[in-house]
Ligand SMILES: NC(=O)c1ccc[n+]([C@@H]2O[C@H](COP(=O)([O-])OP(=O)(O)OC[C@H]3O[C@@H](n4cnc5c(N)ncnc54)[C@H](O)[C@@H]3O)[C@@H](O)[C@H]2O)c1
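Structural data, given as structure tokens:
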């Protein structure tokens, strides 16, 4: 086997900061990274759940972990949380922005507050965190970023215009930042999940008729959070060394489907 084909999902071995890491997809990303030995920082608005997640991941995988209670809509808290994360784990070499909320009031129900909440949870933190972590990323070889976007960035869904716009903005922001970050050897990509069974998704599954989502999906089932975690882990590793500015759609064949 040539050196270039040696499996390297565990490289680089630098700490990864995961927003929304206390639940669902973010938590699965943290577990997947910890499973190959990467230290993880769990940032979440729910501080108790973040602390619990960090504790469990440390117990299950033996890696160093850190938890931060932070509301990403409030920029004032970023600097302190970054300092505390660096102090706990050392310089950061990866970022997964997975925190998220969904609006459900369609365009008729948009308010100033709901618009700000959607944009300030999904889109703005991606730019600000990359800006603030740039010194860490630049100083360490093979640093990388993954933005968790959504198939709703591409599909037209009347229910959640703010979410769709924020996720679409993230796709564009990733492509713009990829150009800048490449100068420092840093890669950045988007992962767009389809319907993944998480606490965010569960109410819709409970509310809608059986098989509502499945009938459109080529693989005929919802995804599991770990199926996103494994793709994110790959993108943050040197296995993905020539991937940047890309959108990886992980939807079991949803966007591409004509069923339903
Ligand atoms: N579940 C799906 O089907 C699906 C599909 C496409 C995209 N996504 C995206 O995946 C990401 C994770 O979603 P999930 O399904 O795991 O949901 P989830 O509700 O299980 O997890 C989201 C996490 O984000 C945290 N969070 C919310 N607002 C925050 C804030 N202001 N500051 C800090 N943390 C905050 C929540 O506390 C929660 O722990 C989201 O960005 C979501 O849009 C999910």
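Numbering (the numbering used here), first residue to last: 0 to 259.
Cβ atoms here follow ideal geometry from the backbone N, Cα and C, with glycine treated the same way.
Alpha carbon to alpha carbon, what distance is there between residue 215 and residue 75?
For this step, residue 75 is matched to residue 76 along the chain shown. For this step, residue 215 is matched to residue 216 along the chain shown. Straight-line Cα distance between these residues: approximately 43 Å.
Does the distance from the CB of residue 23 to the CB of residue 198 come in under 9 Å?
In the chain shown, the residue the question calls residue 23 occupies position 24. In the chain shown, the residue the question calls residue 198 occupies position 199. For residue 23 and residue 198, yes; Cβs fall inside 9 Å.
How big is the Cα-Cα spacing for residue 49 and residue 80?
Mapped onto the chain shown, residue 49 falls at position 50. Mapped onto the chain shown, residue 80 falls at position 81. Annotation: residue 49 to residue 80 spans about 13 Å, alpha carbon to alpha carbon.
Between which two residues does the alpha helix (DSSP H) harbouring residue 135 extend?
By one-based count along the chain shown, residue 135 stands at place 136. Where residue 135 is concerned, the enclosing alpha helix (DSSP H) stretches over 111-138.
Flag this pair as yes or no: are the beta carbons of residue 159 and residue 103 separated by less than 9 Å?
Taking the first residue of the chain shown as position 1, residue 159 is located at position 160. Taking the first residue of the chain shown as position 1, residue 103 is located at position 104. Yes, Cβ-Cβ distance for residue 159 and residue 103 is below 9 Å.
Compute the Euclidean distance between the alpha carbons of residue 25 and residue 204, then round it to the nearest angstrom.
For this step, residue 25 is matched to residue 26 along the chain shown. For this step, residue 204 is matched to residue 205 along the chain shown. Between residue 25 and residue 204, the alpha-carbon positions lie close to 20 Å from each other.
Tell me whether residue 100 counts as near ligand 1, meaning its Cβ is closer than 8 Å to at least one heavy atom of that ligand.
Along the chain shown, one-based indexing puts residue 100 at 101. Yes; taking the cut-off as 8 Å, the Cβ of residue 100 has a heavy atom of ligand 1 nearer than that.
If you reduce the DSSP assignment to three classes, tell me which class residue 244 lands in.
For the purposes of this step, residue 244 is identified with residue 245 of the chain shown, where counting begins at 1. Residue 244 falls in the coil class under three-state DSSP.
Bridge-paired residues (DSSP) for residue 29
Working through the chain shown from its first residue, we reach residue 29 at position 30. Beta-bridge pairing links residue 29 to no other residue.
Would you call residue 263 buried or exposed, if buried means 16 or more other Cβ atoms sit within 10 Å of its Cβ?
An answer regarding residue 263 cannot be provided, because it is not within the stretch 0 to 259 covered by the chain.
Thinking residue 168 and residue 250 are a contact (beta carbons under 8 Å), I'd like their distance in whole angstroms, please.
If you number the chain shown from 1, residue 168 lands on position 169. If you number the chain shown from 1, residue 250 lands on position 251. Actually they do not touch by this definition, with Cβ atoms about 20 Å apart.
Tell me which residue opens and which closes the beta strand (DSSP E) that residue 43 is part of.
Locating residue 43 in the chain shown gives position 44, counting from the first residue. For residue 43, the enclosing beta strand (DSSP E) has its first and last residue at 39-43.
Can the beta-carbon of residue 172 be found closer than 9 Å to that of residue 98?
As a first step, residue 172 must be located in the chain shown, where it is residue number 173. As a first step, residue 98 must be located in the chain shown, where it is residue number 99. Contact: no.
According to the neighbour-count rule (16 or more other Cβ atoms, all chains shown, within 10 Å of its Cβ), is residue 224 buried or exposed?
On the chain shown, position 225 is the one that residue 224 refers to. Burial call: buried.
Selection from 94, 93, 101 and 153 that minimises the alpha carbon distance to residue 200
The sequence position of residue 200 within the chain shown is 201, counting from 1. That would be 101, whose Cα lies nearest to the Cα of residue 200.
Below 8 Å, how does it come out for the stretch 61-71 and the stretch 105-113: are there three or more Cβ pairs, yes or no?
Taking 8 Å as the limit for Cβ pairs, the verdict is that the stretch 105-113 does not touch the stretch 61-71.
Secondary structure at residue 164, three-state DSSP: helix, strand or coil?
Position 165 of the chain shown, counted from the first residue, corresponds to residue 164. Here DSSP, grouped into helix, strand and coil, assigns residue 164 to helix.
Could you give the uninterrupted runs of the alpha helix (DSSP H) lying entirely in the stretch 185-226, keeping only those of 4 residues or more?
If one requires a minimum length of 4 residues, the alpha helix (DSSP H) runs lying completely within the stretch 185-226 are 201-206, in chain order.
Alpha-carbon spacing of residue 107 relative to residue 17, whole angstroms:
One-based indexing of the chain shown puts residue 107 at position 108. One-based indexing of the chain shown puts residue 17 at position 18. The straight-line gap from Cα to Cα measures roughly 33 Å.
Cβ-heavy atom distance, residue 167 to ligand 1, below 8 Å
Numbered from 1 along the chain shown, position 168 holds the residue referred to as residue 167. No - ligand 1 has no heavy atom lying nearer than 8 Å to the Cβ of residue 167.
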